[in-house]
Amino acid sequence: MRDSDSANPERRPRGRRRFDDDEPHFLKRGRPNGPAPTDDGPDPETDDTWSTWDDALHGPQPHPHWLVTELAAKDTELGVLKTGKEADVHLVRRGLPGTDRSCLLAAKRYRDPRHRLFHRDAGYLEGRRVRRSREMRAMTGRTMFGRQMIAGQWAAAEFAALSRLWEIGQRYGTVTVPYPVQLRGTELMLEFLGDAEEGRAAPRLAELRPSPTELRGLWGQLVDALVVLARAGYAHGDLSPYNLLVCADRLALIDLPQVVDVVVNPQGREFLARDVRIVATWFAARGLPADVVDPTALTDMLCREAGLA
Numbered sequence: 200m201r202d203s204d205s206a207n208p209e210r211r212p213r214g215r216r217r218f219d220d221d222e223p224h225f226l227k228r229g230r231p232n233g234p235a236p237t238d239d240g241p242d243p244e245t246d247d248t249w250s251t252w253d254d255a256l257h258g259p260q261p262h263p264h265w266l267v268t269e270l271a272a273k274d275t276e277l278g279v280l281k282t283g284k285e286a287d288v289h290l291v292r293r294g295l296p297g298t299d300r301s302c303l304l305a306a307k308r309y310r311d312p313r314h315r316l317f318h319r320d321a322g323y324l325e326g327r328r329v330r331r332s333r334e335m336r337a338m339t340g341r342t343m344f345g346r347q348m349i350a351g352q353w354a355a356a357e358f359a360a361l362s363r364l365w366e367i368g369q370r371y372g373t374v375t376v377p378y379p380v381q382l383r384g385t386e387l388m389l390e391f392l393g394d395a396e397e398g399r400a401a402p403r404l405a406e407l408r409p410s411p412t413e414l415r416g417l418w419g420q421l422v423d424a425l426v427v428l429a430r431a432g433y434a435h436g437d438l439s440p441y442n443l444l445v446c447a448d449r450l451a452l453i454d455l456p457q458v459v460d461v462v463v464n465p466q467g468r469e470f471l472a473r474d475v476r477i478v479a480t481w482f483a484a485r486g487l488p489a490d491v492v493d494p495t496a497l498t499d500m501l502c503r504e505a506g507l508a
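Add 199 to a position in the sequence shown, counting from 1, and you land on the number used in the numbering used here.
Put into structure tokens, the structure is as follows:
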């Protein structure tokens, strides 16, 4: 684990609300199903669409060198990477016609409100508040409009968390997340982690059978990442071996729509403890010694780092 003074000195002050929504119209805008229409519509021959870069909230600067930001670029749908209860993740190639400039992106798109299962959202939404009573009532009553607002909050929360963690990772190297390319309504476009030539996503931790040495190294990376999250005031909220990728020997956190503000959320400590318990159980079941994997000690340490102790 890295020294406590060097891993991330920019600890967030207590009480700051990170997920408040000042712009609900932006969260409600977006693609209900698939790519958004443009003025010219999809190319009738290729079904490609113009890049939506100009019509979205962008990720942290400086943008990575591999990212295609030219407005003349087009997006090509390549298939589905993952299906989930609330959203599907699609593989998209963004390229500049007539050149060799292109990049692979993972487009996470929340489904139509009628087909989403926000079955566990109440606890996660504690501390995420909108300042307009109509939107708050709709979210509380789980109307279709309210569900759209919830989806927008989930997308915005994930985008904000990834943006901050990406910047921390670039500065200190203690956490790896996919670069958050852009947010447009309820669609989040992310860096594709995996084999770009083959279009094959990096394996999930749950799919691997690491050696004892590899297992210990991955656990060390995970602890470092959890310390960074705690100092930033976060709990992943749904951490498991299925939400961790192993890319080029680096452990990467993914799927953070349910990210929890542990300072504002009254259940913050419980979310931290559950995240730790789930991943610690997986590592212990694969042979990591009990003196290395101690969920109680790790949870207590994370709570101190988050300022909860």
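Ideal Cβ positions, reconstructed from N, Cα and C, are used throughout, including at glycine. On a predicted model such as this, the values are computed, not experimentally measured, just so you know.
Pull up the distance between the alpha-carbon of residue i and that of residue j, whole angstroms please.
| i | j | result |
| --- | --- | --- |
| L428 | A272 | 35 Å |
| G351 | G467 | 21 Å |
| D448 | D299 | 28 Å |
| D460 | W252 | 29 Å |
| F358 | Q381 | 8 Å |
| W365 | A305 | 16 Å |
| V478 | L438 | 7 Å |
| L389 | P377 | 6 Å |
| V492 | T412 | 14 Å |
| P488 | D274 | 47 Å |
| L455 | L277 | 23 Å |
| R485 | D394 | 27 Å |
| G368 | M500 | 20 Å |
| V463 | P494 | 23 Å |
| R415 | L407 | 14 Å |
| G297 | R310 | 33 Å |
| P409 | V422 | 17 Å |
| D254 | G432 | 30 Å |
| R370 | V426 | 15 Å |
| Q260 | S250 | 19 Å |
Only counting the same chain, and skipping five residues up and downstream in sequence, which positions put a Cβ closer than 7 Å to that of residue i?
| i | result |
| --- | --- |
| T498 | L471, A472, V475 |
| H264 | none |
| L280 | V288, H289, L290, A305, A400 |
| H262 | T268 |
Around the C-beta of residue i, are 16 or more other C-beta atoms found within 10 angstroms, so that it is buried, or is it exposed?
| i | result |
| --- | --- |
| R513 | Outside the displayed range of the chain (200 to 508) lies residue 513, so it cannot be described from this structure. |
| N207 | Residue confidence for N207 is low, a pLDDT of 47 falling below 50, so the modelled location carries little weight; the figure read from the coordinates is stated next. Result: buried. |
| E397 | exposed |
| R363 | buried |
| A354 | buried |
| A496 | exposed |
| L226 | Reliability of the predicted coordinates at L226 is poor, the pLDDT of 35 falling under 50, and the value obtained from them is presented with this limitation in mind. The residue is buried, with at least 16 neighbouring Cβ atoms inside 10 Å. |
Which residues mark the beginning and the end of the alpha helix (DSSP H) in which residue i is found?
| i | result |
| --- | --- |
| Q420 | 411-430 |
| A451 | Counting along the chain, A451 falls outside any alpha helix (DSSP H), though it belongs to the beta strand (DSSP E) covering 449-452. |
| S504 | Here residue 504 is Glu; the residue named in the question, Ser, does not match the sequence. Where E504 is concerned, the enclosing alpha helix (DSSP H) stretches over 494-504. |
| L471 | 467-484 |
Could you tell me the boundaries of the beta strand (DSSP E) in which residue i lies?
| i | result |
| --- | --- |
| D274 | 273-282 |
| V291 | 286-294 |
| E390 | 386-390 |
| Q457 | From DSSP, Q457 is part of no beta strand (DSSP E); its letter is neither H nor E. |
| R408 | First-last for R408: undefined, no H or E at that position. |
| S250 | Per DSSP, S250 belongs to no beta strand (DSSP E) and is neither H nor E. |
| S301 | 301-309 |
Who are the near neighbours of residue i in its chain, counting only those whose CB is closer than 6 Å to its CB and skipping five residues on each side?
| i | result |
| --- | --- |
| K307 | A286, V288, L387 |
| A434 | V459, V461, F470, L471, D474 |
| D490 | none |
Using 7 Å as the threshold, is the C-beta distance between residue i and residue j below it?
| i | j | result |
| --- | --- | --- |
| C446 | L361 | no |
| Q457 | G436 | yes |
| L295 | E269 | yes |
| P379 | G258 | yes |
| L266 | C302 | yes |
Which residues in the same chain have their Cβ closer than 8 Å to the Cβ of residue i, if we skip the five residues on either side of it in sequence?
| i | result |
| --- | --- |
| L404 | L417, P440, Y441, L443, L444, V445, L450, W481 |
| A424 | T373, V374, T375, L450, L452 |
| P402 | L444, V445 |
| L316 | For L316, the predicted model reports a pLDDT of 46, less than 50, meaning its position is unreliable; a value from the coordinates is still stated below. Result list for L316: K284, E285, in chain order. |
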